[in-house]
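Chemist: Top to bottom, those sequences are chains A and B.
Sequential numbering from 4 applies to the first sequence in my numbering.
Sequential numbering from 15 applies to the second sequence in my numbering.
Can you keep this structure in mind? I'll have questions shortly.
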Amino acid sequence: MIGNLDHATLQHIWWLLVSVIGSLFLFLTFVQGGQTLLWQVAKNDTEKSLVINSLGTKWELTFTTLVLFGGAFFAAFPLFYATSFGGAYWVWIAILFTFIVQAVSYEYRRKEGNLLGSRTYEFFLLLNGSVGILLVGAAVGTFFTGSNFVLNDYNQSTWTNPLRGLEAAFSLFNLSLGLFLVFNARVLGAMYLVNNINFSSLPELEQRVRRSCLVSFICALPFLLYVLISLLIVDGYGFDAEGTVSMVAHKYLLNLLSMPWVLVMLLAGLLLVIWGVVLTSLKSGTRGIWFGGLGTVLVGLCVFFLAGYNNTAFYPSKVDLQSSLTIYNASSSHYTLTVMSYVAFVIPVVLAYISYVWKKMNFRQIGIDDVTGDKSYY
Amino acid sequence: MDAIDLNMVTWAKAQFTLTAMYHWVFVPLTLGLSFLCAFMETIYVRTGNEEWKRITQFWVKLFGINFAIGIATGIILEFEFGTNWSNYSWMVGDIFGAPLAVEGLVAFFLEATFFAVLFFGWDRVSKRFHLFSTWMVAIGANMSALWILVANGWMQYPVGMDFNPDLARFEMQNFWEILFSPVAISKFTHTTISSFIVASMFIFTVASWYLLKGRHMEMAKKSIIIASVFALFSTGMTAVTGDSSAVVNYETQPMKLAAYEGLYKGERGAGIVAVGVLNHDKEPGDDADPFLFEVKIPSLLSLLATHDPNAFIPGIEDLLWGNEAENVMGVDAKIKRGKQAIEDLAAYKTATKAGNDDEAGLYLTRFNVNESYLGYGYLNDPVEAVPPVATTFYSFHIMVFLAAFFLLISIAYLYFAMKDTLQEKKLLLGIGFFSFFLAMISSQAGWVTAEVGRQPWIIQDMMPVAVGATNISLGNVQATFFMFAAIFTMLLIAEIKIMLNVIKKGPEGGI
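In structure tokens form, the structure reads like this:
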């Protein structure tokens with residue numbers, strides 16, 4: 004069945020799958036957002052424990068989704084994996100570093116003999132939620148602003164900027180996308196905490212969390228607007244039937260116009276996030292996370308679709324246009340994409356058991372009783 | 015191809031060694047303890063005995079502390095293929111990426127999802143669902159090992175693929191051949207089952223300490239019974255899978271097999287060195303004796319590797335310069351053919367670029383003749399194909415010796431624990447206390463044997479390590495090396511301190 008699909012169709016399917024995984028990751032960064040809210044909303048040890056234990060049942064999902072994102076790129080678009088990770092070395096290493104320290108922080112923060120003290124582990128969580136997500140945004144930003152690499156006849160890359168990827172953080176566009184993601188993660192984090200924590204007897208904490216959702220959203224807005232407006236006016240990297248890459252005026256605006264459903268998704272996504280914020284901050288709802296989450300996924304998908312579909316080079320090279328990566332020239336072979344497409348049938352099963360366990364574990368909200376005495380896990 | 019900074023390659027290798035070995039401190043415990051916890055919880059659910067619940071929770075707590083740092087050290091390995099081995103990632107990504115993606119999808123999510131239930135779910139879900147989750151964590155952890163070991167097995171024995179000269183990469187032709195390659199299967203079984211020993215030995219060490227101190231005696235004895243049965247089963251299976259590793263090594267990596275035994279001159283009825291000290295001045299091709307001292311068991315190597323005591327096992331020198339009588343082709347001949355392959359590939363690319371299709375077709379036909387020696391074309395001197403013999407030899411022998419110790423200590427522990435006299439055997443407990451540390455040494459030595467023994471190849475016969483590296487300057491790789499060394503060491507110290515605190519405290523409710 005899948006074996007009959009042509010290579011180009013499979014390449015489109017895999018760009019879709021990578022986009023879905025990336026967008027789900029952006030939704031799951033509510034964990035990172037929650038980590039950066041910790042020092043603002045939690046004023047004593049009990050409140051801190053509530054926040055940490057609430058996020059603590061979910062952090063591994065975000066982490067694993069990031070790992071899968073890397074793995075899926077490796078399997079489906081290996082030339083991107085090789086060029087970007089080896090080339091934009093420091094930006095990826097810095098992101099990884101923040102995730103390495105995050106992985107131990109939940110478990111070690113309150114354990115006796117943890118060497119560094121709980122404040123250090125809380126700082127690690129803050130670092131992961133701020134610098135980590137900012138750099139993820141900067142790295143995604145290079146899908147539009149381009150990078151500095153050249154490929155030789157054997158498809159081996161040479162990076163031409165000595166900063167090895169950190170230069171991505173010095174672009175206003177990349178930086179804005181990064182900051183938008185940081186604040187959006189905080190919006191989602193607040194929504195999740197409101198959904199998962201039982202605030203009875205802690206009205207002040209509830210008020211602080213609900214307020215932080217709105218404040219973070221307001222902070223995110225200017226960066227979002229800057230990113231959106233830039234995308235509508237900048238020239239982009241397109242390619243023709245022969246695969247020759249050139250600068251195309253208003254490329255991303257053209258993409259939106261030729262794929263109007265992406266525009267619909269973008270607007271729907273933004274409205275959903277706004278509705279989630281309204282529910283969380285202005286009304287006393289607890290279901291904002293589902294609207295905010297779905298909205299984030301939709302906006303994320305638009306970002307990836309604009310970058311990779313409609314004959315657009317998703318990983319452009321500023322220094323040598325013809326080295327730019329497209330979903331056609333960076334992909335795996337027809338055979339490998341076919342095999343991986345069969346494997347992808349597992350995705351609904353995975354999503355099903357994740358939702359089932361999520362429902363079972365979050366059925367009862369987490370309250371003070373769950374974090375006092377011996378009962379607190381983290 | 016561009017010139018490669020060999021010094022940088024050395025640092026990149028060192029970094030991979032560092033991060034992989036750190037990761038491997040925690041992984042065997044995860045693989046084995048997850049099953050041990052599942053066994054214990056099964057007993058709890060079946061008997062309803064609360065004591066077993068507290069025993070399970072105690073080991074789950076230690077499991078959790080170890081699990082976190084296992085994840086922290088693991089993420090870097092997945093991305094390190096890209097950061098430090100970019101050319102490798104491109105040239106084999108079409109094959110190597112798939113198992114990594116499958117690992118994430120089918121194994122990591124299983125672990126990540128059910129791990130939350132394992133730690134937080136005691137009061138939130140039913141007993142049976144909690145037990146189910148514990149089993150899912152164990153299965154997920156071991157499934158992730160399957161996929162990464164399939165990937166590793168493919169590097170040792172590249173099958174199911176073909177070289178695409180237009181894109182300059184290897185492409186997958188047969189997924190099943192890669193998944194069920196004999197090397198992948200023996201890697202997976204040998205590595206996971208030997209990890210069960212490591213986890214059992216961890217329980218031996220902690221429980222021995224309790225018995226010596228006269229604390230938590232009941233829990234210690236019960237845990238030892240479970241662990242020793244698991245260890246006995248695993249030691250037996252590890253020996254069987256170890257033997258099948260020898261057979262596939264003979265067939266697929268004869269140079270590695272020769273290095274295990276310090277065998278320079280091939281022979282019929284080759285023996286195994288039971289105890290030996292290598293002569294470090296020995297060079298391939300000279301007349302010096304490879305050993306300063308050795309005790310050999312005759313014919314055993316031939317028997318283990320081929321199941322025929324009189325079979326010919328090629329030595330390092332046969333493999334380097336060939337042995338016509340035994341039909342062994344030398345590395346020197348392979349280098350010539352490999353260099354021809356590289357030349358023809360370059361000529362093919364030039365002709366294609368110039369639009370000269372006839373000429374391109376001619377070069378391609380010539381390239382295909384020597385394609386399977388491609389990797390040898392990057393070597394200049396045959397001796398570059400010899401792995402560090404001393405490291406391979408000693409690590410292999412340390413691993414095997416210690417395996418015998420695990421068998422003996424497991425038998426003794428099971429016997430005396432069943433007789434309920436183990437707590438009186440102070441000397442035995444004193445020895446048993448060191449089990450985990452020895453198991454860790456043995457497990458690490460196993461990886462050293464497998465990975466040092468296959469040098470200089472990143473893909474056996476197809477690509478030397480240096481060709482796979484990223485085009486990056488030395489300073490960057492040095493900086494990240496020290497960064498990872500510092501952070502992992504710090505986290506390891508924290509982990510050990512936390513573990514010791516938990517062990518000192520003992521299980522909740524004092525059993």
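Don't be surprised by glycine CBs; every beta carbon is placed ideally from N, CA and C.
These figures come from a predicted structure and were not determined experimentally.
On the premise that tryptophan 162 (chain A) lies in contact with glycine 90 (chain A), defined as a C-beta separation below 8 Å, what is that separation, rounded to the nearest angstrom?
Modeler: As a first step, residue 90 (chain A) is located in the first sequence; it is residue number 87 there, counting from the start. As a first step, residue 162 (chain A) is located in the first sequence; it is residue number 159 there, counting from the start. Yes, glycine 90 (chain A) and tryptophan 162 (chain A) are in contact; Cβ-Cβ is about 4 Å, under 8 Å.
Chemist: Is the separation between the beta-carbon of serine 208 (chain B) and that of tyrosine 171 (chain B) shorter than 7 Å?
Modeler: Here the question's residue 208 (chain B) lines up with position 194 in the second sequence. Here the question's residue 171 (chain B) lines up with position 157 in the second sequence. No; because the gap between Cβ atoms is not below 7 Å, this pair is not in contact.
Chemist: For a contact meaning CB atoms closer than 8 Å, what does phenylalanine 66 (chain A) contact in chain B?
Modeler: Indexing the first sequence from 1 puts residue 66 (chain A) at position 63. Ile85, Ile89, Ala126, listed in chain order.
Chemist: How about arginine 138 (chain B): is its C-beta nearer than 7 Å to some C-beta of chain A?
Modeler: Residue 138 (chain B) sits at position 124 when you count from the first residue of the second sequence. Chain A, which has a Cβ nearer than 7 Å to the Cβ of arginine 138 (chain B), makes this yes.
Chemist: Would a check of beta-carbon distances place lysine 296 (chain B) closer than 7 Å to chain A?
Modeler: By one-based count along the second sequence, residue 296 (chain B) stands at place 282. So, not an interface residue.
Chemist: For the beta strand (DSSP E) that contains aspartate 176 (chain B), what are its first and last residues?
Modeler: The residue you call residue 176 (chain B) lines up with position 162 of the second sequence. Unbroken beta strand (DSSP E) run through aspartate 176 (chain B): 175-178.
Chemist: With respect to the alpha helix (DSSP H) encompassing glutamate 522 (chain B), which residues constitute its N-terminal and C-terminal limits?
Modeler: As a first step, residue 522 (chain B) must be located in the second sequence, where it is residue number 508. Glutamate 522 (chain B) -> no alpha helix (DSSP H), and no H or E assigned at all.
Chemist: Straight-line CA distance for alanine 155 (chain B) to proline 42 (chain B)?
Modeler: Mapped onto the second sequence, residue 155 (chain B) falls at position 141. Mapped onto the second sequence, residue 42 (chain B) falls at position 28. If you take the alpha carbons of alanine 155 (chain B) and proline 42 (chain B), they lie about 10 Å apart.
Chemist: Can you name, in chain order, every residue of its own chain whose Cβ lies under 6 Å from the Cβ of leucine 47 (chain B), other than the five neighbours on each side?
Modeler: Start at 1 with the first residue of the second sequence, and residue 47 (chain B) comes out as number 33. Once the five neighbours on either side are set aside, the close Cβ partners of leucine 47 (chain B) are Phe77, Ala213.
Chemist: Measure the C-alpha to C-alpha separation of leucine 20 (chain B) and proline 304 (chain B) and round it to an integer number of angstroms.
Modeler: Reading the second sequence from its first residue, position 6 is the one you call residue 20 (chain B). Reading the second sequence from its first residue, position 290 is the one you call residue 304 (chain B). Taking the straight line from one Cα to the other gives about 29 Å.
Chemist: Leaving out the 5 sequence neighbours to the left and right, which residues in its chain are closer than 7 Å to valine 120 (chain B) when beta-carbon positions are compared?
Modeler: Walking along the second sequence from the start, residue 120 (chain B) turns up at place 106. Only Met157 meet the Cβ criterion.
Chemist: Within a Cβ cutoff of 6 Å, which residues of the same chain sit near tyrosine 318 (chain A), ignoring the five residues on either side of it in sequence?
Modeler: Translated into the one-based positions of the first sequence, residue 318 (chain A) becomes position 315. Excluding positions up to five away in sequence, the list reads Phe83, Leu328.
Chemist: To the nearest angstrom, how far is it from the Cα of methionine 150 (chain B) to the Cα of cysteine 51 (chain B)?
Modeler: Sequence index remark: in the second sequence, residue 150 (chain B) carries index 136 (1-based). Sequence index remark: in the second sequence, residue 51 (chain B) carries index 37 (1-based). So the two alpha carbons sit approximately 12 Å from each other.
Chemist: Taking 6 Å as the cut-off, is the beta-carbon of leucine 269 (chain A) closer than that to any non-hydrogen atom of the ligand MG?
Modeler: Of the ligands one can find in the structure shown there are none, so the ligand MG has no counterpart to examine.
Chemist: For serine 382 (chain A), does the three-state DSSP call read helix, strand or coil?
Modeler: Since the first residue shown for chain A is 4 and the last is 381, residue 382 (chain A) is missing from the structure and cannot be characterised.
Chemist: Closest by CA to asparagine 324 (chain B), which one among B:Glu281, B:Gln458, B:Asp295?
Modeler: For the purposes of this step, residue 324 (chain B) is taken as residue 310 along the second sequence, with counting starting at 1. Of the candidates B:Glu281, B:Gln458, B:Asp295, the one whose C-alpha sits nearest the C-alpha of asparagine 324 (chain B) is B:Glu281.
Chemist: Please classify proline 298 (chain B): does DSSP put it in a helix, a strand, or coil?
Modeler: On the second sequence, residue 298 (chain B) is found 284 positions in, with the first residue counted as 1. Coil at proline 298 (chain B), not helix or strand.
Chemist: Tell me the rounded alpha-carbon separation between glycine 111 (chain B) and proline 81 (chain A).
Modeler: As a position in the second sequence, residue 111 (chain B) is number 97, starting the count at 1. As a position in the first sequence, residue 81 (chain A) is number 78, starting the count at 1. So the alpha carbons of these two residues sit roughly 7 Å apart.
Chemist: For methionine 15 (chain B), name the three-state secondary structure that DSSP assigns.
Modeler: As a position in the second sequence, residue 15 (chain B) is number 1, starting the count at 1. Low local confidence applies: a pLDDT of 46 at methionine 15 (chain B) is under 50, so the model's placement there is unreliable, with the coordinate-based value given in what follows. Here methionine 15 (chain B) sits in coil by DSSP.
Chemist: Skipping 5 residues on each side, what residues in its chain have a beta carbon closer than 6 Å to that of glycine 144 (chain A)?
Modeler: Looking up residue 144 (chain A) in the first sequence gives position 141. Phe176, Asn177, Leu180, listed in sequence order.
Chemist: Would you list the one or two residues that DSSP bridges to proline 478 (chain B)?
Modeler: Residue numbering aside, residue 478 (chain B) sits at position 464 when the second sequence is read from its first letter. In DSSP, proline 478 (chain B) forms a bridge with B:Trp471.
Chemist: What residues in the region 314-346 of chain A bring their beta carbon closer than 8 Å to a beta carbon of chain B?
Modeler: If the cut-off is 8 Å between Cβ atoms, the region 314-346 of chain A has Ser335, Ser336, Tyr338, Thr339, Val342, Met343, Val346 near chain B.
Chemist: Among the residues of its own chain, which have a CB less than 6 Å from the CB of asparagine 263 (chain B), if the five just before and after it don't count?
Modeler: As a position in the second sequence, residue 263 (chain B) is number 249, starting the count at 1. Answer for asparagine 263 (chain B): Lys270, Leu271, listed in chain order.
Chemist: What are the residues that DSSP puts in a beta bridge with isoleucine 200 (chain A)?
Modeler: Along the first sequence, read from residue 1 onward, the residue named residue 200 (chain A) stands at position 197. Paired residues: A:Ile369.
Chemist: If isoleucine 330 (chain B) sits next to valine 400 (chain B), beta carbons under 8 Å apart, how far is it from one beta carbon to the other, in whole angstroms?
Modeler: Reading the second sequence from its first residue, position 316 is the one you call residue 330 (chain B). Reading the second sequence from its first residue, position 386 is the one you call residue 400 (chain B). 6 Å between Cβ atoms; contact.
Chemist: Work out the CA separation of leucine 260 (chain A) and glutamate 265 (chain B) for me, nearest whole Å.
Modeler: As a first step, residue 265 (chain B) must be located in the second sequence, where it is residue number 251. As a first step, residue 260 (chain A) must be located in the first sequence, where it is residue number 257. Answer to the nearest angstrom: the Cα atoms are 60 Å apart.
Chemist: Between which two residues does the alpha helix (DSSP H) holding serine 259 (chain B) run?
Modeler: Residue mapping note: residue 259 (chain B) aligns to position 245 of the second sequence, counting from 1. Here the alpha helix (DSSP H) through serine 259 (chain B) covers 231-266.
Chemist: Taking the runs of the alpha helix (DSSP H) that are 4 residues or longer, which of them lie wholly in the region 5-42 of chain A?
Modeler: Segments of the alpha helix (DSSP H) lying fully in the region 5-42 of chain A: 10-31.
Chemist: Hey, would you say leucine 309 (chain A) sits closer than 7 Å to asparagine 258 (chain A), going by beta carbons?
Modeler: One-based indexing of the first sequence puts residue 309 (chain A) at position 306. One-based indexing of the first sequence puts residue 258 (chain A) at position 255. In this structure, asparagine 258 (chain A) lies closer than 7 Å to leucine 309 (chain A) by Cβ.
Chemist: Might you give, ordered along the chain, the residues of its own chain that have their beta carbon closer than 8 Å to the beta carbon of valine 116 (chain B), omitting 5 neighbours on each side?
Modeler: Numbered from its first residue, the second sequence carries residue 116 (chain B) at position 102. Within the same chain, valine 116 (chain B) has close Cβ partners Trp161.
Chemist: Within 7 Å of any Cβ in chain B, is that where the Cβ of proline 351 (chain A) sits?
Modeler: Looking up residue 351 (chain A) in the first sequence gives position 348. Chain B, which has no Cβ nearer than 7 Å to the Cβ of proline 351 (chain A), makes this no.
Chemist: Select from the region 30-55 of chain A all residues with a C-beta closer than 9 Å to any C-beta belonging to chain B, and list them in chain order.
Modeler: Within the region 30-55 of chain A, no residue qualifies.
Chemist: Helix, strand or coil: which one does DSSP assign to asparagine 394 (chain B)?
Modeler: Along the second sequence, read from residue 1 onward, the residue named residue 394 (chain B) stands at position 380. Note: asparagine 394 (chain B) maps to coil in three-state DSSP.
Chemist: Determine whether the Cβ of lysine 363 (chain A) lies closer than 7 Å to any Cβ atom of chain B.
Modeler: The residue you call residue 363 (chain A) lines up with position 360 of the first sequence. Closer than 7 Å to some Cβ of chain B, the Cβ of lysine 363 (chain A) qualifies, so yes.
Chemist: To be precise: take each residue of the region 101-120 of chain B, compare its Cβ to all Cβ atoms of chain A, and keep it if any distance is under 9 Å. Which residues remain?
Modeler: Listed in sequence order: Asn101, Tyr102, Ser103, Trp104, Met105, Val106, Gly107, Asp108, Ile109, Phe110, Gly111, Ala112, Pro113, Leu114, Ala115, Val116, Glu117, Gly118, Leu119, Val120.
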